[in-house]
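A.B. asks:
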Ligand code: MTE
Ligand code: HPA
Ligand code: MOS
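Numbering (this note's numbering), first residue to last: 14 to 774.
1) What is the rounded straight-line gap between the Cα of residue 686 and the Cα of residue 147?
2) CB-CB under 8 Å to residue 150, same chain, minus the five flanking residues each way: which ones, in chain order?
3) Verify the contact flag: residue 330, CB atom, against every heavy atom of ligand 2, threshold strictly below 6 Å.
4) Give me the Cβ distance between residue 159 and residue 320, rounded to the nearest whole Å; I'm assuming they're in contact under 8 Å.
5) Considering only residues of the same chain and omitting the five flanking positions on each side of residue 716, which have a CB-CB separation below 7 Å?
6) Going straight from the alpha carbon of residue 591 to that of residue 556, what length do you get?
7) Quick one: does residue 543 have its CB under 7 Å from some CB of chain D?
8) Is the beta carbon of residue 394 sitting closer than 7 Å to the one on residue 304?
9) Roughly how many angstroms separate the alpha carbons of residue 317 and residue 290, rounded to a whole number?
10) Going by the C-beta, is residue 364 closer than 6 Å to any heavy atom of ligand 3?
11) State the DSSP-derived secondary structure class of residue 15, mapped to helix, strand or coil.
12) Can you round the beta-carbon distance between residue 346 and residue 298 to whole angstroms, since I take them to be within the 8 Å contact cut?
13) From residue 771 to residue 765, what distance separates their C-alpha atoms?
14) Any heavy atom of ligand 3 inside 6 Å of the beta-carbon of residue 252?
15) Buried or exposed for residue 520, please, with buried defined as at least 16 other CB atoms from any protein chain shown within 10 angstroms of its CB.
16) For residue 81, count neighbouring Cβ atoms within 10 angstroms of its own Cβ and tell me buried if that reaches 16, exposed if not.
17) Relative to the alpha-carbon of residue 398, which residue among 432, 727 and 341 has its alpha-carbon at the smallest distance?
18) In three-state terms, what does DSSP make of residue 210?
19) Kindly examine ligand 3 and report whether one of its heavy atoms sits closer than 6 Å to the Cβ of residue 249.
20) Give every residue of the same chain whose Cβ lies closer than 6 Å to the Cβ of residue 348, excluding the five residues on either side of it in the sequence, and list them in chain order.
21) Taking only three categories from DSSP, how would you classify residue 610?
22) Roughly how far, in whole angstroms, is the beta-carbon of residue 629 from the beta-carbon of residue 642, given that I think they are within contact range, below 8 Å?
23) How many angstroms separate the CA atom of residue 509 from the CA atom of residue 421?
24) May I ask you to report which of helix, strand or coil DSSP gives residue 503?
25) Ligand 2 heavy atoms versus the CB of residue 458: any closer than 6 Å?
26) Within 10 angstroms of the Cβ of residue 704, are there 16 or more other Cβ atoms? Answer buried if so, exposed if not.
27) Give the secondary structure of residue 141 by DSSP, where H, G and I count as helix, E and B as strand, and everything else as coil.
28) Just how far apart, CA to CA, sit residue 423 and residue 710?
29) How long is the line joining the alpha carbons of residue 529 and residue 245, rounded to whole angstroms?
30) Using a Cβ-Cβ cut-off of 7 Å (strictly less than) and excluding sequence neighbours within five positions of residue 612, which residues of its own chain qualify?
31) Considering residue 268, what are the terminal residues of the alpha helix (DSSP H) in which it resides?
32) Is the beta carbon of residue 502 closer than 7 Å to that of residue 483?
33) Check whether the Cβ atoms of residue 584 and residue 550 lie closer than 7 Å to each other.
34) Please list the terminal residues of the continuous alpha helix (DSSP H) segment that includes residue 312.
35) From this set, 295, 759 and 199, which residue's C-alpha is nearest residue 258's C-alpha?
36) Kindly give me the distance between the Cβ atoms of residue 449 and residue 625, rounded to whole angstroms, as I take these residues to be in contact under 8 Å.
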């Protein structure tokens, strides 16, 4: 059976499968579903103390309030009160003690949302305060960690450091970030017959929602079905934390026998659910007069919040990205998972990678400042190169497209640095900065087991195809990409492939759609299912066309044996008539990868995705306001499956990253209250903040050296880190205004206050 060559569906800029429904409002999210008879609305009653004993939880007024059907605490959980995605001991509802503000204590369900909210306000909870740890520094001083400290090392750092001609110490800090998905966390649980339950959840991880609901209810997994058609954004925030919402809805549905919807309003979502980990990094670097890094000793501390959640793997990825694109012959990176009495931080686009990359870019900046050289010059001498191409965790870099990306970028940005220097020479109050930012990002879940996926494909007798797979759609365009893969596999037009909602009863035991690997792994699983069906169809075609299966070619909606052919729908019908199955599952596991967590060595990533950008910033030295004037981005997506979707991912990731390093500031008060819990006080980037010159290109003629799905590369997270270039450009501008000593004190996000603080001290 030969395969076809010129493509029919892949490598084309096909619109997102819901593009017109997204913009017209016709796309159905959970809150848009037709209201079920007897539907109850839930509201969460949360801790208002950062760390305290629960002396008394009086819910009698809540229970007696109008419309209330149930109010549940930990004591009402029939199964286990544990929602930990990896480690046990992370209660869904607080028992005797609360360890953060926003920790759920009880959940109330009532006939209307307003009744549930009003009833929740009647809860009378008395606390006895305990000492609270709020900051990374205090947690580290108290050795308060959610997982044990980690150590990633190679070579002999102490000897190399002592022998280095020059040494410096420095620090870098970046704040956290709220996911600010447009659809806040939501779930609707519907009890069925015989203990069954159907849970609609806005989740990146339907299987984990199934597991946690099963654990809470004490039911077998097979009794529970979790379904998600689409999310209004996830960005990692719905990787593990969606199961908390679904869990509370399921408890109420189980108790009342009625469908229950729990939708967090924005303020509640921002207080109750976790965010990006803020990071404190400290480093000592040994180097020479050319700027070569000879030894690096770094400590990366993340604020993890009150429980571990995914912080272990997040910290691991941070350590495995503290090299970014640079060769570190002797290196030691210590990772600290600070346990604090703040909300549990979780996955967020890049999953710790951005924090590690941010830290080493600060090292580059410090070296440039110390040597009076440009950061570009320091980067140039430290990039991975043949013979200097093993990561600190022992993985060979393999195919390295970064030199090509950087070379193309240089043509894009020719003359910009000079123009910025000329501007600064003649401008007193406004100062500009220009920065180039390279990114290398490892693709695969850094826990090898998670790199598996499944799919289910049916061909019907009219030639139309039903597609289901384990990946979830959160706006990133996964569904259209996998449909393209299936259409290509059968060589039929895309319109014949119908995608369907992700469900745990169609494809079981899936991984989260995360680590940017959704297309890589679900695409391969779907293609495997297609191959199985095609193999069977080829036998039927061979019989009808008087040929042999090996000679059968699927091409452009027809199936050929030499010059005889039959249409794809005719063949589907013929298969049915011959009693041949037209349905198959497919499975895929990523090859080659392994990682030993204890020694932090191995080959955790199937391949690397590379990108680079050039960013120009301007600051107003009187107000501290910074703006990005231009950004030129080049991202390696291999042979892109869908350049329109991929460019959207690169642009979106960059703007979201801009938010992280430029303007999104989470502020807690001394009691641990999040003061920025709504868009009135928490500023995300909007259309006005997008650089007026914003040019995104995909690296051309760059098929993935690994046999990934149609030689494409993952794109969801890698370009997020390009936006660190915005911070670096602002820092260059601060240096132009006030010198490097001041500029090195800049912290992310580079809000006007932060820029002024750096300028004036
Ligand atoms: N794009 C949109 N529009 N919405 C999202 O929630 N999540 C990002 C990225 N792009 C996200 C997105 C994150 S964190 C990841 S890991 C990937 O998409 C997940 O999808 P993929 O593996 O299919 O790329
Ligand atoms: N990314 C996202 N989620 C994960 C990862 C990862 O690398 N590892 C474990 N869970
Ligand atoms: Mo993305 S942080 O891996 O969901």
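The beta carbon of each residue, even a glycine, is placed where N, CA and C say it ideally should be. No experiment lies behind these values; they were computed from the predicted model shown.
C.D. replies: With the structure as the only source:
1) About 10 Å.
2) Correct list, in chain order: 293.
3) Yes, the Cβ of residue 330 comes within 6 Å of a heavy atom of ligand 2.
4) Residue 320 and residue 159 do touch by the CB rule: their CB atoms are close to 6 Å apart, below 8 Å.
5) Correct list, in chain order: 651, 652 and 724.
6) C-alpha separation (whole angstroms): 10 Å.
7) Protein chain content of the structure displayed is limited to a single chain, and chain D is not contained in it.
8) In this structure, residue 304 lies closer than 7 Å to residue 394 by Cβ.
9) Inter-residue distance for residue 317 and residue 290 is about 6 Å (C-alpha atoms, whole angstroms).
10) True, at least one ligand heavy atom lies under 6 Å from that Cβ.
11) Its pLDDT being 40, under 50, residue 15 is placed unreliably in this model, and the coordinates cannot settle the point.
12) The Cβ separation is near 12 Å, so there is no contact.
13) Their Cα atoms are separated by approximately 10 Å.
14) Indeed, a heavy atom of ligand 3 lies less than 6 Å from the Cβ.
15) Residue 520 should be labelled buried.
16) Buried is the call here.
17) Shortest Cα-Cα distance from residue 398 to any of 432, 727 and 341 involves 341.
18) The answer is strand: DSSP assigns residue 210 an E or B state.
19) At least one heavy atom of ligand 3 is nearer than 6 Å to the Cβ of residue 249, so yes.
20) Within the same chain, Cβ atoms closer than 6 Å to the Cβ of residue 348 are found at 163, 313, 328 and 332, the five residues on either side in sequence being excluded.
21) Looking at residue 610 - three-state DSSP - the assignment turns out to be coil, as it is neither helix nor strand.
22) Contact between residue 629 and residue 642 holds, with the beta-carbon distance rounding to 5 Å and staying under 8 Å.
23) If I take the Cα positions, the gap works out to 39 Å.
24) In the structure shown, residue 503 sits in a helix (DSSP, three-state: H, G or I).
25) The answer is yes for residue 458.
26) Around the beta carbon of residue 704, 16 or more other beta carbons sit within 10 angstroms, so the residue counts as buried.
27) It is a strand residue.
28) In this structure, the alpha-carbon of residue 423 lies about 13 Å from that of residue 710.
29) In a straight line, the C-alpha of residue 529 is about 17 Å away from that of residue 245.
30) Closer than 7 Å at Cβ, skipping near neighbours: no residue.
31) For residue 268, the enclosing alpha helix (DSSP H) has its first and last residue at 255–269.
32) Their beta carbons are not under 7 Å apart, which means residue 483 does not touch residue 502 by this criterion.
33) In this structure, residue 550 lies closer than 7 Å to residue 584 by Cβ.
34) Counting along the chain, residue 312 falls outside any alpha helix (DSSP H), though it belongs to the beta strand (DSSP E) covering 306–318.
35) Ranked by Cα distance from residue 258, the first of 295, 759 and 199 is 199.
36) For a cut-off of 8 Å, the C-beta gap from residue 449 to residue 625 is around 6 Å, short enough to register as a contact.
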